[in-house]
Amino acid sequence: MTQLINDKDLNFLLYDVFKLEALTKLERYQEHDKNTFDSILDTAKGIATDYFAPHNAKADQHEPSFDGKQVKTIAEVKTAWQQFAEAGLLCAQHDYEHGGMQLPTLLNMACNAYFMSANPSTVAYSFLTAAAANLIQAFASPEQKQLFLPHMLSGRFAGTMAMTEPNVGSSLGDLTTKAIPLADGTYNIKGQKMFISGGDQDITENIIHLVLARIQDAPQGVKGISLFIVPKFKTNPDGSIGESNDVQLAGLLHKMGYRGTTSTVLSFGENDACLGYLIGEAGHGLKYMFKMMNEARVGVGLGAAMIGYRGYLESLNYAKNRPQGRLAHEKSPDSKPVNIIEHSDVKRMLLAQKAYVEGSLALCLFAARLIDEHQAAHDEDSALLLDLITPVVKSFPSAYGPKANDLAIQVLGGAGYTRDYPVEQCYRDNRLNPIHEGTYGIQSLDLLGRKLWQHNGKGLSLLMQRIQHTLSEIQNPKLVALAESFQQHLATVQKTTQVLGQALHQGQINEALANSGLYLDMMGKTMIAWLCLDMAQQAQLKFGNSDQKEDQDFLAGKFQAAQYFIRWELPEIEHQAKLLMNFDDSCRNMQADWF
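Throughout the sequence shown, residue numbering follows the UniProt record's numbering, covering 1 to 595 in sequence.
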């Protein structure tokens, strides 16, 4: 097994690019310093390495089973869960008074990166529980918090989000799960949910489902949706477990990858005895759930980045140690074969992976930094910018992480296609990420159809300000040339945005949104190119005067990744812009009967 992350790269991103130490000036984080941050990172790395990574392949090969009565997972999953919970990582961002560590989101996400690289399917139980607990903390009543939160944060209970239904999919406004009011203020929940990750397992004493349902006689559409806490087992006021809450596992789904996480079909209220607790106000369920959904979307982006990152490191290690072939100019059959990393096309595949995964990790950490700026520094502009870029944070890593894994398989050649190496599992695990928590198409419609224009386009203006600030600081001649090229493509993005905005304003909705996926990709490439430039600039400031070979190699790698992405990948947006601004109808006007 190669390393989970390039530690030098992660520390560089945290301390030099995103200024983690500066967050200690905020009141919420003032009791922390670099020593505590490093200690927490080391703890996360150690647990991920010792308790999560070793059974990643085993959990894939021995996926959870259901005998009609009970789900069974391999023993290592529960051990990993306990280690994660006992280290305080389930409640890492919560207040001290609730047993938390008040960690910055930026640091917490860096810790999570180790786990996503080590074993994404096992840590999914932990991440879902932490996100569910965050939602309950934000919107539930004091009584609900007291009843459920301590046990979720300690690891006794797990949590899920239960939205999707078999015949509804992502169209949540059409959901049919019902909530029938009872005399004591609780509700009888009745319906079925599908694709519920972690919906059943043998790891914890109880599972707290956050269920979207429509209260009896509520209007159709999203305005009639409410959110409910629905435990698997009824919970007594003292925290002890009571009788079954009529939540039945209808079956497990068998997935291409991510096999260690149960994917379930759940039936609520088959015996008319499923108790649900309304969170907040009736009819506001989707608004509340968006907190968990947006957190999950950033988490999906991080997962895609890190599965791609793991594959990159595996293929890099293989390429450095696999002798095969000779350089093109070498004609003698007696000459010694070179390691395949010396071949230019292998370098291309590794360089593409490097740009995709390091750029994607930077994108996710940037989002985490914005969360800290909003929540701890009360900066509303950061919230607007985060809202704008969330579709990009979810989608770019989800699209290019699997591409990185595909290239990793190719670097290994025939060996990469076998289960003797982890890269094929990385690809299978990562292929889920463009699908769940909103498909690529859904994210593109959200960005182009809604997010860009909120608050009179202020989010986009804030993003452009940050980009221009980076460009204004660049002085290295090599980077100046790349920045000039980047600015030319940035002008194309701005022009395309203006044309599409005018079309939407004039009512050409179908025409403007028909190719929204191209716009999402264009925005993703723009942000990754910007971050590659910023990383190269910060690496120049950090290591430009160093006489250590390791530092100089790191700096050169950042320069080369920025050069590759801006020269090879970013120019693709010019073709995308033509299709978008010409409102190309190749896809929109295709008829079902023509296929």
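All C-beta atoms in this analysis are idealised placements derived from N, C-alpha and C, irrespective of residue type, glycine included.
First and last residue of the uninterrupted beta strand (DSSP E) at residue i
i, result
"Asn-206", "206-215"
"Val-265", "263-268"
"Ser-244", "241-244"
"Met-161", "157-162"
"Ile-196", "187-197"
"Tyr-356", "From DSSP, Tyr-356 is part of no beta strand (DSSP E) but of the alpha helix (DSSP H) over 344-375."
"Leu-288", "The identity of residue 288 in the sequence shown is Tyr, whereas the question assumes Leu. Segment 285-321 is the alpha helix (DSSP H) holding Tyr-288; no beta strand (DSSP E) there."
"Val-222", "Taken as a continuous stretch (DSSP letters only), Val-222 belongs to no beta strand (DSSP E), as it is neither H nor E."
"Ala-250", "247-252"
"Leu-580", "Taken as a continuous stretch (DSSP letters only), Leu-580 belongs to no beta strand (DSSP E), being part of the alpha helix (DSSP H) at 572-581."
"residue 597", "Residue 597 cannot be examined here, being either before or after the span of the chain that is shown, 1 to 595."
"Thr-177", "Run containing Thr-177: none; DSSP gives neither H nor E here."
Residue i versus residue j: straight-line alpha-carbon distance, rounded
i, j, result
"Tyr-440", "Leu-407", "21 Å"
"Gln-375", "Arg-297", "18 Å"
"Thr-497", "Ala-132", "36 Å"
"residue 633", "Leu-412", "Missing from the structure shown is residue 633; the chain here goes from 1 to 595 and no further."
"Ile-208", "Met-256", "26 Å"
"Pro-391", "Pro-337", "46 Å"
"Asp-9", "Ser-171", "40 Å"
"Leu-482", "Ser-472", "13 Å"
"Ala-179", "Lys-234", "17 Å"
"Ala-556", "Ile-341", "17 Å"
"Val-247", "Gly-269", "6 Å"
"Ala-415", "Ile-409", "8 Å"
"Ile-528", "Ala-92", "29 Å"
"Ser-360", "Leu-302", "8 Å"
"Leu-520", "Gly-311", "25 Å"
"Lys-354", "Ala-218", "50 Å"
"Gly-173", "Lys-223", "8 Å"
"Asp-379", "Phe-543", "32 Å"
"Lys-72", "Ala-85", "20 Å"
"Leu-135", "Met-292", "6 Å"
"Tyr-427", "Leu-363", "21 Å"
"Glu-31", "Ile-509", "51 Å"
"residue 598", "Thr-122", "Absent from the model: residue 598. The displayed extent of the chain is 1 to 595, so no value can be given."
Extent of the continuous alpha helix (DSSP H) run through residue i
i, result
"Tyr-564", "549-564"
"Gln-3", "Element bounds for Gln-3: n/a, residue is neither H nor E."
"Leu-106", "105-118"
"Ile-40", "34-47"
"Lys-58", "56-61"
"Pro-150", "142-154"
"Thr-79", "75-86"
"Leu-10", "7-11"
Of the listed residues the options, nearest to residue i (C-alpha basis)
i, options, result
"Thr-259", "Lys-478, Ile-74, Asp-446", "Before going on, a small fix: residue 259 reads as Arg here, not Thr. If we check each option's Cα against that of Arg-259, Ile-74 comes out closest."
"Leu-447", "Gly-416, Leu-513, His-489, Gln-502", "Leu-513"
"Met-349", "Tyr-96, Gly-449, Tyr-29, Trp-568", "Trp-568"
"Glu-572", "Ala-536, Gly-524, Tyr-125, Asn-56", "Gly-524"
"Glu-97", "Gln-137, Gly-285, Asn-317, Ala-59", "Gln-137"
"Leu-462", "Ile-509, Gln-410, Asp-387", "Asp-387"
"Ser-65", "Asn-108, Pro-120, Ala-250", "Ala-250"
"Val-265", "Gly-173, Asp-200, Asn-456, Ser-444", "Asp-200"
"Met-289", "Met-163, Arg-28, Gly-185", "Met-163"
"Ile-442", "Arg-419, Ser-395, Gln-465", "Ser-395"
"Asn-405", "Ala-304, Asn-589, Tyr-51", "Ala-304"
"Asp-272", "Asn-188, Gly-221, Thr-36", "Asn-188"
"Gln-563", "Trp-530, Gly-299, Met-194", "Trp-530"
"Val-475", "Gln-540, Lys-58, Ile-215, Ala-352", "At residue 475 the sequence reads Gln, which differs from the Val that was named. Ranking the options by Cα distance to Gln-475, first place goes to Gln-540."
"Met-522", "Asn-456, Gln-538, Gln-494, Pro-142", "Gln-494"
"Gln-216", "Ile-279, Asn-582, Ala-328, Leu-182", "Leu-182"
"Leu-579", "Asn-515, Phe-565, Phe-559", "Asn-515"
"Ser-344", "His-329, Val-357, Ser-335, Asp-334", "His-329"
"Lys-45", "Ala-124, Leu-89, Lys-19, Ser-444", "Leu-89"
Residue environment, residue i, which counts as buried when at least 16 other CB atoms sit within 10 Å
i, result
"Ser-226", "buried"
"residue 596", "The structure shown does not extend to residue 596, since the chain is modelled only from 1 to 595, so the question has no answer here."
"His-469", "exposed"
"Cys-587", "exposed"
"Leu-253", "exposed"
"Pro-323", "exposed"
"Thr-262", "buried"
"Val-77", "buried"
"Lys-120", "Inspection of the sequence shows that residue 120 is occupied by Pro rather than by Lys. With 16 or more Cβ atoms within 10 Å of its Cβ, Pro-120 is classed as buried."
"Asp-33", "exposed"
"Asn-112", "buried"
"Asn-294", "buried"
Whole alpha helix (DSSP H) elements within the segment 452-528, 4-residue minimum:
Listed in chain order, the complete alpha helix (DSSP H) runs (minimum 4 residues) inside the segment 452-528 are 458-473, 477-505, 509-513.
Threshold first: 4 residues or longer. Then list the alpha helix (DSSP H) segments lying entirely within the segment 387-455, N to C.
Those alpha helix (DSSP H) runs which fall completely within the segment 387-455 and span 4+ residues are 423-430, 440-449.
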